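Enquirer: Let me begin by handing over the structure; questions about it come next.
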Amino acid sequence: MNVAFTANVPHNAALGLELVAAAPGDVEIRLPWSPDLVGNPDTGVLHGGAVTSLVDATCGAAVFLAIVPPRPIATLDLRIDHLRQARPHVDVWCRATCERVTTHIAFVRAIAHQGDPTEPVATVAATFMIFREGQVRPDTATPAAEPAT
Amino acid sequence: MSDHEFAARIAAAKRDGSFAALAEGIPYARFLGFSLRTDAGPDGPDGRGALLGVLAYAQRNIGNAALPALHGGTLAALLELTAMFELLWRADTPKLPKVIGCTIDYLRSAKPQDTFAAAQLVRQGRRVAPLRVLAWQDDRSRPVASATVQFLVG
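Residue numbers (the numbering used here), protein chains in the order written: chain R, 1 to 149; chain D, 1001 to 1154.
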């Protein structure tokens, strides 16, 4: 899983993402602190965009593992709330849980933390499109999300 | 850098035409291949030119090697960085704005090519400032992603 997670997703490898734990619908991934990912060189705090990449990747992995057999997925929307400033020079972990899978849409919740999950630096809600085998995302307006029935 | 030094640096960059170079001071922007253009379009209502965020294509920004398509996180970062610089470009914030939250809609698969973004300041309050941002590739009327970003400014 860890190999596929980075080999097929060059940006996950570029960020140095490491799979910490994985179960169907539940994934934890670590983003190692790196000077390349800093948003404010005066403080050494990671940029919010790097944290968003971490949570997008983690949410996607949680959805991917929740679907049997595996099918192509794509992020539909993602909301991130930055609850507190991340501490500088400290890794960030993301825990994501796929809460529900429907025919076309999967719903995910996630938190990002720096060692203590009870004090998250960010909370996340995201939805993903699930494609049929061989179907790629059409280059047209996104189909309206179908009701979660 | 103190808040005062920060505000002075932004004001000086606006005056001497070096605003676009501010992006180079952010390590993560360099990592992504993000840059700013201040010469990209008609003047805004305040006489300043439209600000354009540019995410240069790089193989390591790919999120789906099979399609291929850019990683959703890189689009989120393009939107967030463009929104923050638009806020600094249009408004005189006394300190570095902090992102409170970001809501991103992914509208189309982003192809392996350069991607552009432009933001609009929805409202500038004393404490918070929301911006709407759009990202596109070949055709501005066919965006690949959009976002609302909220900043704490006071």
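No residue lacks a Cβ here, since even glycine has one placed at the ideal position from N, Cα and C. If you're wondering where the values come from, they're calculated on a predicted model, not measured in any experiment.
What is the DSSP secondary structure of Glu146/R, counted as helix, strand or coil?
Expert: Residue confidence is low: Glu146/R scores 33 on pLDDT, short of 50, so the model does not pin down where it sits. No coordinate-derived value is stated.
Enquirer: Here's a check: name, in chain order, each residue in its chain whose Cβ is nearer than 7 Å to the Cβ of Pro138/R, leaving out the five neighbours to either side.
Expert: Unreliable positioning characterises Pro138/R in this predicted model, as indicated by a pLDDT of 46, which lies under 50. The coordinate reading is nonetheless provided below. Closer than 7 Å at Cβ, skipping near neighbours: no residue.
Enquirer: Does the stretch 49-64 of chain R come close enough to the stretch 105-113 of chain R that 3 or more CB-CB pairs lie under 8 Å?
Expert: Flag = yes, the stretch 105-113 of chain R and the stretch 49-64 of chain R touch.
Enquirer: For the beta strand (DSSP E) holding Tyr1057/D, just list the boundary residues, first then last.
Expert: Counting along the chain, Tyr1057/D falls outside any beta strand (DSSP E), and DSSP gives it neither H nor E.
Enquirer: Look at the alpha carbon of Glu99/R and the alpha carbon of Glu1005/D, and state the distance between them as a whole number of angstroms.
Expert: In a straight line, the C-alpha of Glu99/R is about 46 Å away from that of Glu1005/D.
Enquirer: What are the residues that DSSP puts in a beta bridge with Ser1146/D?
Expert: Per DSSP, Asp1105/D, Leu1134/D.
Enquirer: With DSSP as the reference, label His1004/D as helix, strand or coil.
Expert: His1004/D falls in the helix class under three-state DSSP.
Enquirer: Tell me the DSSP secondary structure of Arg137/R in three-state form.
Expert: Because Arg137/R carries a pLDDT of 47, less than 50, the predicted location of this residue cannot be relied on, and the following value inherits that uncertainty. In the structure shown, Arg137/R sits in coil (DSSP, three-state: anything other than H, G, I, E or B).
Enquirer: Secondary structure at Arg1009/D, three-state DSSP: helix, strand or coil?
Expert: It is helical.
Enquirer: With 9 Å as the C-beta to C-beta threshold (strictly closer), list the residues of the stretch 1096-1111 of chain D near chain R in chain order.
Expert: The residues in question are Leu1096, Lys1098, Val1099, Ile1100, Gly1101, Cys1102, Thr1103, Ile1104, Asp1105, Tyr1106, Leu1107, Arg1108, Ser1109, Lys1111.
Enquirer: Whole angstroms are fine: how far does the CA of Asp1046/D sit from the CA of Thr127/R?
Expert: The alpha-carbon atoms of Thr127/R and Asp1046/D are separated by roughly 38 Å.
Enquirer: By DSSP's criteria, Lys1098/D is part of a beta bridge. Which residues make up the other side?
Expert: Leu1152/D, per the DSSP bridge assignment.
Enquirer: With the cut-off set at 8 Å, would you say Ala1091/D and Gln1124/D are in Cβ contact?
Expert: Closer than 8 Å, so yes.
Enquirer: Go to Ser1035/D, then tell me how far its beta strand (DSSP E) extends in each direction, as first and last residue.
Expert: Here the beta strand (DSSP E) through Ser1035/D covers 1034-1037.
Enquirer: Give the straight-line distance between the Cα atoms of Ala141/R and Ala1119/D, rounded to the nearest whole angstrom.
Expert: With a pLDDT of only 37 at Ala141/R, under 50, the local geometry of the prediction cannot be trusted, and the value read off the model is given with reservation. Cα to Cα, the separation comes out at about 21 Å.
Enquirer: In angstroms with no decimal places, state the Cα-to-Cα distance between Ile130/R and Val20/R.
Expert: Straight-line Cα distance between these residues: approximately 24 Å.
Enquirer: Taking the beta strand (DSSP E) that Asp56/R falls in, what are its first and last residues?
Expert: That residue, Asp56/R, is in no beta strand (DSSP E); its alpha helix (DSSP H) goes 48-66.
Enquirer: Taking just the CA atoms, how far does Asp81/R sit from Ala1129/D?
Expert: One C-alpha to the other measures close to 15 Å.
Enquirer: Please report whether the beta-carbon of Ala4/R lies at a distance below 8 Å from any beta-carbon of chain D.
Expert: Judged by the 8 Å Cβ criterion, Ala4/R is not in contact with chain D.
Enquirer: Once DSSP output is grouped into helix, strand and coil, what is the label at Ala110/R?
Expert: The answer is strand: DSSP assigns Ala110/R an E or B state.
Enquirer: The beta strand (DSSP E) spanning Phe1116/D covers which residue range?
Expert: Counting along the chain, the beta strand (DSSP E) containing Phe1116/D begins and ends at 1115-1121.
Enquirer: Below 9 Å between beta carbons is the criterion; list the residues of the stretch 76-93 of chain R that meet it against any residue of chain D, in chain order.
Expert: Within the stretch 76-93 of chain R, the qualifying residues are Leu76, Asp77, Leu78, Arg79, Ile80, Asp81, His82, Gln85.
Enquirer: Expressed to the nearest angstrom, what Euclidean distance is found between the alpha-carbon atoms of Ala13/R and Leu1152/D?
Expert: Rounded to the nearest angstrom, the two C-alpha atoms are 32 Å apart.
Enquirer: Identify the continuous alpha helix (DSSP H) that holds Phe1085/D and give its terminal residues.
Expert: First-last of the alpha helix (DSSP H) with Phe1085/D: 1072-1090.
Enquirer: Smallest Cα separation from Leu1075/D: which of Asp1003/D, Ile1062/D, Ala1050/D?
Expert: Minimum Cα distance to Leu1075/D is reached at Ile1062/D.
Enquirer: If I follow the unbroken alpha helix (DSSP H) through His11/R, where does it start and stop?
Expert: That run of the alpha helix (DSSP H) goes 10-15.
Enquirer: Around the C-beta of Val68/R, are 16 or more other C-beta atoms found within 10 angstroms, so that it is buried, or is it exposed?
Expert: So Val68/R counts as exposed.
Enquirer: Decide if Ser1018/D is buried, meaning its Cβ has at least 16 other Cβ atoms within 10 Å, or exposed.
Expert: So Ser1018/D counts as exposed.
Enquirer: Taking the alpha-carbon positions, what's the Thr1103/D to Thr1148/D distance?
Expert: Cα-Cα distance, rounded: 5 Å.
Enquirer: Quick check on Arg132/R: buried or exposed, where buried means 16 or more other Cβ atoms within 10 Å of its Cβ?
Expert: Label assigned to Arg132/R: exposed.
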